[in-house]
Structure formats: C-alpha cells, structure tokens
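In this text, residue positions in the sequence shown follow the working numbering: the first is 109, and each later residue adds one.
Presented below is the structure to which this report refers.
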Amino acid sequence: MTVHLMKDGWIGVIKGRPRVGAVAERSRRTQPQDIDAFADMTGDRNPLHYDKRLAEASVFGKLIVQGGVTSGILNAVVAEDLPGPGSVFLEVSWKFVKAVGVGELITGRVEVKEVRADKPITKLETSVRNEAGEICLTGTATVFTVPLAKD
109 MTVHLMKDGW IGVIKGRPRV GAVAERSRRT QPQDIDAFAD MTGDRNPLHY
159 DKRLAEASVF GKLIVQGGVT SGILNAVVAE DLPGPGSVFL EVSWKFVKAV
209 GVGELITGRV EVKEVRADKP ITKLETSVRN EAGEICLTGT ATVFTVPLAK
259 D
C-alpha cells in the first residue's frame with residue numbers, strides 16, 4: 109500500500125493559510141489626484157473623469173473615477189490584508205454596478221470562499237461599496253500567494 113502525503117502549499121506564506129469565511133476590508137476616500145495618477149499610468153482620459161460640465165450632464169450627474177481606481181482598493185486588501193503580502197490576482201470576474209464619484213468614501217471587502225491546501229491559491233468573494241452602503245463593484249477573484257517568508 110502506497111501512502112501519498114499532500115504537500116502543504118502554504119509553507120513560507122507570510123500570513124499563513126487563510127481560513128474559509130475570513131474577511132478583510134479597507135476604506136479610502138477618492139480624490140482628484142487618483143484620476144490624474146490613473147490617467148498618467150494608463151492614458152485613460154475619458155471626459156467623464158475630467159470635464160465637470162459634461163459629467164454633470166451625463167447619466168452619472170458628477171465626475172467619476174476610473175473603474176481601475178474603484179477596483180484598485182481590492183488590490184490593497186488582497187496584497188496587504190487577506191491573503192496578504194505576496195498575493196497576486198490569477199483571475200477576476202467583476203461587475204461594475206455603480207459609478208464612484210470624486211470625494212466618495214469606498215470600502216473594498218474580500219471574503220475567503222475556498223482555500224487549496226496543496227497550493228497557495230484562494231478564491232474570494234469581492235465587493236466595493238460607497239459610504240451609503242451601495243454596491244459599486246461585485247464579483248470574485250482567484251489569488252495566488254507567493255511564499256516570501258524565510259523558513
């Protein structure tokens with residue numbers, strides 16, 4: 109009889125193996141500088157982000173930040189909090205449900221739904237809400253966490 113022992117894929121991961129049901133959140137207020145920084149990085153200079161008169165006359169009724177600014181808070185939650193340092197997105201499926209305006213407080217939230225034992229891979233439920241509690245982004249993400257700790 110051969111016994112196969114499963115390797116623990118979480119050895120060396122700084123925050124260790126997350127548990128199903130674990131939650132992490134981060135909040136921040138969007139700023140005009142976010143729009144400029146994102147535009148400098150990506151070239152996204154959509155008038156809905158810069159032209160106040162045009163944006164106010166649109167269905168949004170206000171200047172809005174780029175979707176990458178909205179989803180960016182989830183990068184921080186994943187990389188800093190859960191699963192933590194060394195984490196990178198393998199796959200995301202996000203639906204942008206409500207635009208985020210300049211000056212809005214947003215909260216990114218992740219909840220662990222699945223954790224592989226053999227590899228440091230986590231499936232997360234993700235969301236971003238505004239300060240009124242309205243969902244602005246919802247979806248899922250699969251994350252790989254690179255072992256960074258020295259054994």
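Cβ coordinates follow ideal geometry from the N, Cα and C atoms, glycine included.
- Only residues of its own chain outside the window of five on either side were considered, and among them VAL220, LYS221, GLU222 and VAL223 have a CB closer than 8 angstroms to the CB of VAL128, listed in chain order.
- Around the C-beta of PRO126, 16 or more other C-beta atoms lie within 10 Å, and the residue is accordingly described as buried.
- Assigned with DSSP and collapsed to three states, ALA132 falls in strand.
- In the three-state DSSP reduction, LYS206 falls in the coil class, being neither helix nor strand.
- Assignment of beta-bridge partners to THR234 by DSSP yields VAL218 and GLY247.
- Listed as beta-bridge partners of ARG137 by DSSP are LEU213.
- According to the DSSP assignment, ILE181 belongs to the alpha helix (DSSP H) that extends over 175-184.
- Rounded to whole angstroms, the separation of the alpha carbons of ILE181 and GLY209 is 15 angstroms.
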